[in-house]
Amino acid sequence: MKYLKYIAYFLLITAMIIIVAYVTLSLSDSAVCGSIKTNLSTNIGDFSWGTIGILLTFISTLFMFLTFNFQQRQFKETKDDAFRTRFEGTFFNMISMLYNVRTEADWQIAYSTKDEKANLKSFYISLKKKYEEKIKADPDFAHAMNEMEKENVLATEIQTALYDLGAFYDKYVQEQKCNAGFYFRFVHNLVTFVLLHWKGSPKDIHMYLNFIQAQMSDEELALVFYDSISNKGLDKNRRYTFKNNLDEYSFLENIPESILLRRCHYKIFPKTIFCFLNEDERKKIRCGETR
Numbered sequence: 497m498k499y500l501k502y503i504a505y506f507l508l509i510t511a512m513i514i515i516v517a518y519v520t521l522s523l524s525d526s527a528v529c530g531s532i533k534t535n536l537s538t539n540i541g542d543f544s545w546g547t548i549g550i551l552l553t554f555i556s557t558l559f560m561f562l563t564f565n566f567q568q569r570q571f572k573e574t575k576d577d578a579f580r581t582r583f584e585g586t587f588f589n590m591i592s593m594l595y596n597v598r599t600e601a602d603w604q605i606a607y608s609t610k611d612e613k614a615n616l617k618s619f620y621i622s623l624k625k626k627y628e629e630k631i632k633a634d635p636d637f638a639h640a641m642n643e644m645e646k647e648n649v650l651a652t653e654i655q656t657a658l659y660d661l662g663a664f665y666d667k668y669v670q671e672q673k674c675n676a677g678f679y680f681r682f683v684h685n686l687v688t689f690v691l692l693h694w695k696g697s698p699k700d701i702h703m704y705l706n707f708i709q710a711q712m713s714d715e716e717l718a719l720v721f722y723d724s725i726s727n728k729g730l731d732k733n734r735r736y737t738f739k740n741n742l743d744e745y746s747f748l749e750n751i752p753e754s755i756l757l758r759r760c761h762y763k764i765f766p767k768t769i770f771c772f773l774n775e776d777e778r779k780k781i782r783c784g785e786t787r
């Protein structure tokens, strides 16, 4: 259908060029102009009705083209509306399921810790305590974390900290014997659904991702932060696809500074302008400098 539109534009432009060329030639060439005057004096009726017929044909063709163009836009708008309706129907059904998945995750944590009041929030609070213990007990781990505090930290130092933090998180989850990983997989799949299936304006992607993060507490977002850099965040090709998607679309930008295990960990997500960053740190990210 789109090729018909281009053909119509081509024919319209061609007709306009022919008309302009004919008028220009008639006015610039005295012999042609004289011949036209002679023919007009003897065939004024044929010329008048012929000209009117051509003009009416041109006008009707033009209006037919405009009608066709308008119908094309209506068809596209109807198609886009139908797609948005289907997409949002599935998306908001998944959003409503997130509550049930969270409830099940809280139950799994309470069951594994033998504490009926335990939930994802307390699971993260316990992670922060373990982190402080790890800093005191493991000099190498503490050194890797301290290197992240430097203003001009190297990419290799960031990679080392990412690996150590991921290994620390994996060990913590293993020690807790908690089967709540399905919650993070569900969040992963929900984000991936938006990125893969939304075919409209790229700006709308941020709107739908904001809907997701708005359903999550600060502690849940922090758990997603560290889960995405652990072995559990790796895809089948051993790449941090989930973490990179979160970073690309600044999914975690609203995490408060106090929630992270350490403020400098924001450097693991080099494209995200976190809400707590100062202006100099924001400028570095916008300029693509190594943090």
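Numbers 497 to 787, taken from the working numbering, label the letters of the sequence shown in order. Quick reminder that beta carbons are idealized off the backbone N, C-alpha and C, glycines included. Computed from a predicted model, the values in this text were never measured in an experiment.
Check                                                                                                                                                      : Outcome
Below 8 Å, can you find three or more Cβ-Cβ pairs linking the segment 580-590 to the segment 692-706?                                                      : yes
Measuring only from the beta carbon, is E600 closer than 7 Å to any heavy atom that is part of the ligand SAM?                                             : The model depicted lacks the ligand SAM and carries no ligand whatsoever.
Quick test of the definition: if touching needs 3 or more C-beta pairs under 8 Å, does the segment 666-674 touch the segment 604-619?                      : yes
As an exercise, report each continuous alpha helix (DSSP H) stretch of at least 4 residues that is fully enclosed by the segment 734-774, in chain order.  : 737-744
Let me know if R734 comes out buried or exposed under the rule of 16 or more other beta-carbons within 10 Å of its beta-carbon.                            : exposed
Quick check on this structure: which residue in V597, F747, L757 has the alpha carbon closest to the alpha carbon of K767?                                 : F747
Using a 10 Å radius around the Cβ and a threshold of 16 neighbouring Cβ atoms, would you call N615 buried or exposed?                                      : buried
So what's V649 in DSSP terms, helix, strand or just coil?                                                                                                  : coil
For L730, report the span of its alpha helix (DSSP H) as first-last.                                                                                       : From DSSP, L730 is part of no alpha helix (DSSP H); its letter is neither H nor E.
Alpha carbon to alpha carbon, how far is T510 from T520? Give it in angstroms, no decimals.                                                                : 15 Å
Where does the unbroken alpha helix (DSSP H) through N685 begin, and where does it stop?                                                                   : 677-693
Counting along the chain, where does the alpha helix (DSSP H) carrying S640 start and finish?                                                              : According to the sequence as given, residue 640 is Ala; it is not Ser. From DSSP, the alpha helix (DSSP H) with A640 extends over 635-643.
Using the C-alpha atoms, what's the distance from Y722 back to G662?                                                                                       : 7 Å
What residues in its chain sit with their C-beta under 6 Å from that of I540, if we drop five residues either side in the sequence?                        : Confidence in I540 is poor, its pLDDT being 48 and thus under 50, which makes the residue's placement too unreliable to answer from.
Classify G729 as buried or exposed, calling it buried when 16 or more other Cβ atoms lie within 10 Å of its own Cβ.                                        : buried
Using three-state DSSP, classify A614 as helix, strand or coil.                                                                                            : coil
Does the beta-carbon distance from L756 to A718 come in below 8 Å?                                                                                         : yes
How far does the alpha helix (DSSP H) with Q709 in it extend, from its first residue to its last?                                                          : 698-710
If you reduce the DSSP assignment to three classes, tell me which class K625 lands in.                                                                     : helix
Quick one, are the C-beta atoms of Q709 and N648 less than 8 Å apart?                                                                                      : no
Given a cut-off of 8 Å on the beta-carbon distance, is the pair Y668 and K626 in contact?                                                                  : yes
Do V690 and V720 have their C-beta atoms closer together than 8 Å?                                                                                         : no
Have a look at N685 and L705 and give me their C-alpha separation to the nearest angstrom.                                                                 : 12 Å
Using a Cβ-Cβ cutoff of less than 7 Å, which residues in the same chain neighbour K763 once the five nearest sequence positions on both sides are dropped? : M644, V649, I654, R787
Assuming M641 and R758 are in contact, meaning their beta carbons sit under 8 Å apart, how far apart are those beta carbons, in whole angstroms?           : 6 Å
Tell me whether M512 is buried or exposed, calling it buried when 16 or more other Cβ atoms sit within 10 Å of its Cβ.                                     : exposed
What does the alpha-carbon distance come out to for the pair K613 and R598?                                                                                : 14 Å
I believe F637 touches K646 by the beta-carbon criterion, under 8 Å. Please report the beta-carbon distance rounded to the nearest angstrom.               : Between K646 and F637 the Cβ distance is about 17 Å, and since that is not below 8 Å, they are no contact.
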